[in-house]
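Take a look at the structure set out below.
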Amino acid sequence: MKYVNLGKNGPKISTIGFGAWGISGRDWGTTDDKKSKLAIHEALDSGVNFIDTADTYGFGHSEELIAEVLDERGRKDEVVIATKAGNNFYPYLGKEYDSTPANPDYSKKHLIFAAEQSLKRLRVDVIDLLQLHSPSAELMENEETWEALKLLKEQGKIKLAGLSVQSFKETEHAYILDKRRDVLDVLQIRYNLLERGAETVLLPKAMEYGLGIIVRIPLLFGLLAGKFNRESRFGDNDHRRMNLSHEKLDKYLMQLDKIKSFFELHNEYSMAQLALRFCVSHPACHVAIPGGKTPEQVKENIAASEIEIDHKEFPGL
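This note's numbering applies: residue 15 is where the sequence shown begins, and numbers increase by one.
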């Protein structure tokens with residue numbers, strides 16, 4: 015496993031982390047908590063020391079599973095835990111699953127409350143990294159949002175503050191980096207072999223300011239692990255029913271067909287390993303956070319850390 019510093023202010027972390035959305039019990043179909051915990055154990059045993067989660071993943075369940083694993087290991091591992099806040103799911107606790115999104119709430123009151131609840135679920139004294147969870151550009155203009163992050167740092171409840179972005183409004187997000195570089199330590203972006211918009215503005219800007227970069231959705235919901243074809247369909251309790259709809263899936267697979275010769279050339283590695291290597295080979299990117307529901311998936315992902323293919327060797331689109 016290779017390790018790098020997460021930007022100028024961050025700790026040394028593994029270049030392949032553990033993305034804990036898929037184990038949450040919501041949005042990814044049926045999950046097995048026992049297997050999920052074994053997957054986390056496998057990651058930690060293999061040198062992963064960075065776990066990314068969010069309070070809204072499973073409405074707190076993902077954070078609770080992470081805490082259970084750390085307890086089982088006697089809390090001896092030096093694990094960097096990143097979580098997120100800004101989506102108020104608390105009114106929905108205890109209700110049956112539906113696809114209704116949590117309410118965006120980046121108010122100072124809610125962010126402080128959310129951080130304190132995450133501290134309890136994770137059973138830690140301080141959160142290593144708290145990220146704003148996919149706020150719109152408009153919501154990021156709210157001054158009290160940034161006051162909350164500053165206050166949480168001052169109170170010693172969080173070490174680092176970050177912004178996790180979902181959309182592709184690179185210019186607007188770059189403006190936020192310019193304006194809030196006194197608060198932000200880390201930026202989490204959507205970036206993968208088929209979605210490279212961040213290379214134009216966001217990644218150069220992040221390098222300029224010394225921000226840590228976390229790559230989310232590096233396997234494009236499993237598509238870049240070679241799991242799906244044009245006939246693939248997803249259940250009602252799986253977010254990929256929307257994010258990999260028939261139309262989107264067809265578009266992505268057409269793009270993938272254009273670069274399949276690259277995978278054939280490097281067939282000593284799996285598609286997933288090459289896709290992960292692409293992400294962390296960019297000089298601005300520090301860690302990719304693929305999900306892993308089983309120990310076998312985690313083992314495959316982790317091997318990507320040792321691949322030596324340079325970023326310039328990957329095919330263009």
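Note that the Cβ used here is the ideal one computed from N, Cα and C, for glycine as well. Computed from a predicted model, the values in this text were never measured in an experiment.
Environment of residue i [buried if 16+ CB atoms lie within 10 Å]
| i | result |
| --- | --- |
| Thr214 | exposed |
| Asp66 | buried |
| Glu278 | exposed |
| Asn336 | Residue 336 is absent from the model: the chain starts at 15 and stops at 331. |
| Leu331 | exposed |
| Glu56 | buried |
| Thr45 | buried |
| Asp271 | exposed |
| Asp119 | buried |
| Met154 | buried |
| Leu332 | Because the chain in this structure spans residues 15 to 331, residue 332 falls outside the shown range and cannot be described. |
| Asn206 | buried |
| Leu58 | buried |
| Pro329 | exposed |
| Pro149 | buried |
Cβ pair residue i, residue j closer than 7 Å
| i | j | result |
| --- | --- | --- |
| Gly21 | Gly226 | yes |
| Ser50 | Ile37 | yes |
| Arg135 | Glu92 | no |
| Arg40 | Gly74 | no |
| Cys299 | Val200 | no |
| Asp69 | Ala116 | no |
| Val197 | His187 | no |
| Glu314 | Ser284 | yes |
| Ala53 | Thr308 | yes |
| Val312 | Gly305 | no |
| Leu208 | Gln269 | yes |
| Ile321 | Ser60 | no |
| His94 | Pro25 | Note that residue 94 is Val in the sequence shown, not His. Taking 7 Å as the Cβ cut-off, Val94 and Pro25 qualify as a contacting pair. |
| Val301 | Ile80 | no |
| Ser319 | Lys90 | no |
Limits of the alpha helix (DSSP H) - the one that residue i falls within
| i | result |
| --- | --- |
| Ala128 | 122–136 |
| Phe277 | 274–279 |
| Glu316 | Looking at the sequence provided, one finds Ile at residue 316 rather than Glu. That run of the alpha helix (DSSP H) goes 309–316. |
| Leu143 | Element bounds for Leu143: not the alpha helix (DSSP H) but the beta strand (DSSP E), 141–147. |
| Lys167 | 157–168 |
| Ser50 | 47–59 |
| Ala220 | 216–223 |
Inter-residue CB distance, residue i and residue j (contact presumed, cutoff 8 Å)
| i | j | result |
| --- | --- | --- |
| Ile303 | Phe32 | 7 Å |
| Gly176 | Gln202 | 6 Å |
| Leu263 | Phe242 | 7 Å |
| Ile172 | Ile141 | 5 Å |
| Lys219 | Leu191 | 5 Å |
| Ser121 | Glu158 | 6 Å |
| Leu174 | Asn19 | The pair is not a contact, with the Cβ atoms about 12 Å apart (cut-off 8 Å). |
For residue i, the first and last residue of its enclosing beta strand (DSSP E)
| i | result |
| --- | --- |
| Arg230 | 226–230 |
| Ile80 | It is not in any beta strand (DSSP E) - Ile80 instead sits in the alpha helix (DSSP H) that spans 75–86. |
| Asn97 | The sequence given here has Thr at residue 97, not Asn. Where Thr97 is concerned, the enclosing beta strand (DSSP E) stretches over 94–99. |
| Tyr283 | Premise fails: Tyr283 is in no beta strand (DSSP E) and is neither H nor E. |
| Asp66 | 64–66 |
| Leu177 | 172–178 |
| Leu201 | 200–204 |
| Tyr17 | 17–19 |
| Lys26 | 26–28 |
Residue i: CB within 6 Å of a non-hydrogen atom of the ligand GDP
| i | result |
| --- | --- |
| Lys171 | Looking at this structure, you won't find the ligand GDP or any other ligand, since it has none at all. |
Practice problem: Determine contact between the region 94–103 and the region 143–154, defined as no fewer than three beta-carbon pairs at a distance below 8 Å. | Solution: yes
Quiz item: Does the count of Cβ pairs from the region 221–239 and the region 280–293 closer than 8 Å reach three?
Solution: yes
Quiz item: Using 8 Å as the Cβ pair cut-off and three pairs as the minimum, do the region 155–170 and the region 80–93 touch?
Solution: no
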